[in-house]
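Residue numbers (this note's numbering), protein chains in the order written: chain A, 1 to 276; chain B, 1001 to 1276. Let me begin by presenting the structure, written as structure tokens, before commenting on it.
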């Protein structure tokens, strides 16, 4: 496995593979790879691709008071974990990605304003723009994203369709720790006590799922029950039941709806979701 | 030469050519082709490309009070003119380009707000987005634009660089009618008397060039002289002398600066420019 920092060098490697008719897969990440990321990379390899994993902590998707500086950067450990399944790590510097600053932005005005977007101004502009740049640099046949960042998955899918990118979007299931906590690089910020409280997120989702499976579909009622699980433990930002495509709130839950939650456990912001 | 309305069909034609190692050139136009467009298409063919000319009157780059509905649509005549130099015309419908509306937009916040951008809100968002879509559909090696729309040329060049598109941008000189009027599809809106008054645009530019060649570089003075040529004949929207890359106003003109004018001749909006 090669580790490449330079766009020109990555392009040459990909072009060489395309000559041999390889199918190229890109797995965009911010590094600090856990089993969730690994499941994407393994799936991309199982699907018989030449696998490029990008590792780039993208400054433009962090707000001014967010954790860009403290976000864990663990390139050597990441490389070791994924060597068996990945062909190239693309780990550019900020200078390589934004040599003349930002200034050309992909933006979406509806879905990106809901859920996380209503609390993280500009976040999805940053995500969409950097993903488009990575897609243009790597020119893959397919791109792999986890469903943990469900809103991101929907927005990148929409971008691929609406900007006519000839790339297949592959969504992979959210993975959980044994105790149920959704895997996240940000879990490492928490101590044992915080982590126990953080289980309220998955607890609230499972509570709603259980009630829904028992026939309760009124969203006001479901949300009230969820908040009873959340409020003693964490500070919720939102708890919503939404249409899986439009991300609009529904008032009656139905099969396929996405139940999504974001909450602070002290200073650590966590998200989680389940599909009904 | 083929005329194709369908994205899938165009992609198949391009893919077939790429198998034979052809270099693909895209010439994006809104149709009603004149000698200016023709010079782009001829240049693309001289450069030994498989030439795709797109003809699409893009609704998203017109303001609510602009001439989208009346913009001349002359596909048959266009096809006849370019047959010797063009391999494929891509003439999609609005439905083909925007099957689910717009909603995913490329935007730029500085250069796009200057010159024409300060009078045509959202115009360059529309231009950049549709050009990106066309580039993604056609996946050309090079793309050809005229320098008449100088600001458009700069913004598309920036988009290609900043979004890491692996495409060569080729700029071709503005062409003029025998009397000096810059070629434009909108010239057909004017009668003989209006057309004579419209010559004030090129007259003002040539006046400034002449003064600059004579050693005058003070922009306040140059603009005052230009307005004396313009004001009796047309209603100027702007007359600016700008840096060719940043498009910022300069106070002292120098070689390479762009002199750009936009003016209404009655209801017809015209633009023109020269490079000092």
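Glycine included, each C-beta is placed from N, C-alpha and C at the ideal position.
Do residue 57/A and residue 26/A have their C-beta atoms closer together than 7 Å?
no
In the DSSP output, which residue or residues are listed as bridge partners for residue 72/A?
Its beta-bridge partners do not exist; DSSP assigns none.
List in chain order: all unbroken alpha helix (DSSP H) runs of 4+ residues lying wholly within the stretch 1028–1062 of chain B.
1035–1046
Closer than 7 Å by C-beta to residue 258/A: which residues in its own chain qualify, once you throw out the five before and the five after it? Chain order, please.
150, 242, 244, 273 and 275
Residues in its own chain within less than 6 Å of residue 1251/B by CB, not counting five upstream and five downstream?
1219
Quick check for students: name the residue ranges of the alpha helix (DSSP H) that lie wholly in the stretch 110–169 of chain A, counting only runs of 4 or more.
123–138 and 150–162
CA-to-CA distance, residue 1127/B to residue 1238/B, given in whole angstroms
20 Å
Quickly, what does DSSP pair residue 1171/B with across the bridge? List them, please.
1145/B
Check whether the stretch 4–15 of chain A and the stretch 89–109 of chain A are in contact - that is, three or more C-beta pairs closer than 8 Å.
yes
Residue 23/A: first and last residue of the uninterrupted beta strand (DSSP E) it sits in:
From DSSP, residue 23/A is part of no beta strand (DSSP E); its letter is neither H nor E.
Can you pull the chain B residues whose beta carbon is under 9 Å from the beta carbon of residue 258/A, in chain order?
Within 9 Å Cβ-Cβ: nothing; residue 258/A doesn't reach chain B, min ~19 Å.
Range of the contiguous alpha helix (DSSP H) that encloses residue 1219/B:
1219–1230
The stretch 1262–1272 of chain B / the stretch 1192–1205 of chain B touching (three or more Cβ pairs under 8 Å)
yes
Contact between the stretch 1101–1119 of chain B and the stretch 1128–1138 of chain B (3+ Cβ pairs under 8 Å)
yes
N-terminal and C-terminal residue of the beta strand (DSSP E) that residue 237/A is part of
235–242
Compare the C-beta of residue 1106/B with all C-beta atoms of chain A and state if any pair is closer than 7 Å.
yes
Any beta carbon of chain B sitting closer than 7 Å to that of residue 137/A?
yes
Rounded to the nearest angstrom, what separates residue 40/A and residue 145/A at their Cα positions?
7 Å
Relative to the C-alpha of residue 256/A, which residue among 24/A, 212/A and 76/A is closest?
212/A
Taking Cβ positions only, does residue 1113/B come closer than 7 Å to chain A?
no
If contacts are defined as beta-carbon pairs under 8 Å, then residue 1246/B and residue 1217/B qualify, I think. What distance do you get, rounded to the angstrom?
Going by Cβ atoms, the distance from residue 1246/B to residue 1217/B rounds to 18 Å, so no, they are not a contact pair.
Any C-beta of chain B under 7 Å from that of residue 30/A
no
Distance, residue 1148/B Cα to residue 1271/B Cα:
8 Å
Tell me whether residue 1088/B is buried or exposed, calling it buried when 16 or more other Cβ atoms sit within 10 Å of its Cβ.
buried
In angstroms, rounded to a whole number, what distance separates the CA positions of residue 1229/B and residue 1169/B?
34 Å
Closer than 7 Å by C-beta to residue 1226/B: which residues in its own chain qualify, once you throw out the five before and the five after it? Chain order, please.
1204, 1207, 1208 and 1239
Per DSSP, cross-strand counterpart(s) of residue 277/A
Lying outside 1 to 276, the shown extent of chain A, residue 277/A is not represented and no answer is given.
Considering Cα atoms alone, identify which of 1152/B, 1183/B, 1124/B and 1154/B is closest to residue 1038/B.
1183/B
At a CB distance below 8 Å, what residues from the stretch 1158–1174 of chain B approach chain A? Give them in sequence order.
1158, 1159, 1161, 1162, 1163, 1164, 1165 and 1166
Label residue 54/A either buried or exposed according to how many other C-beta atoms from any shown protein chain fall within 10 Å of its C-beta, with 16 as the threshold for buried.
buried
Nearest by alpha-carbon distance to residue 1044/B: which of 1086/B, 1137/B, 1065/B and 1164/B is it?
1086/B
Beta-carbon spacing of residue 164/A, residue 1136/B below 7 Å
yes
Tell me the residue span of the alpha helix (DSSP H) that contains residue 207/A.
192–213
CB contact below 7 Å: residue 26/A versus chain B
no
Would you say residue 1133/B faces chain A, with C-beta separation under 7 Å as the test?
yes
On the CB-based measure, 16 or more other CB atoms within 10 Å of its CB, does residue 1029/B come out buried or exposed?
buried
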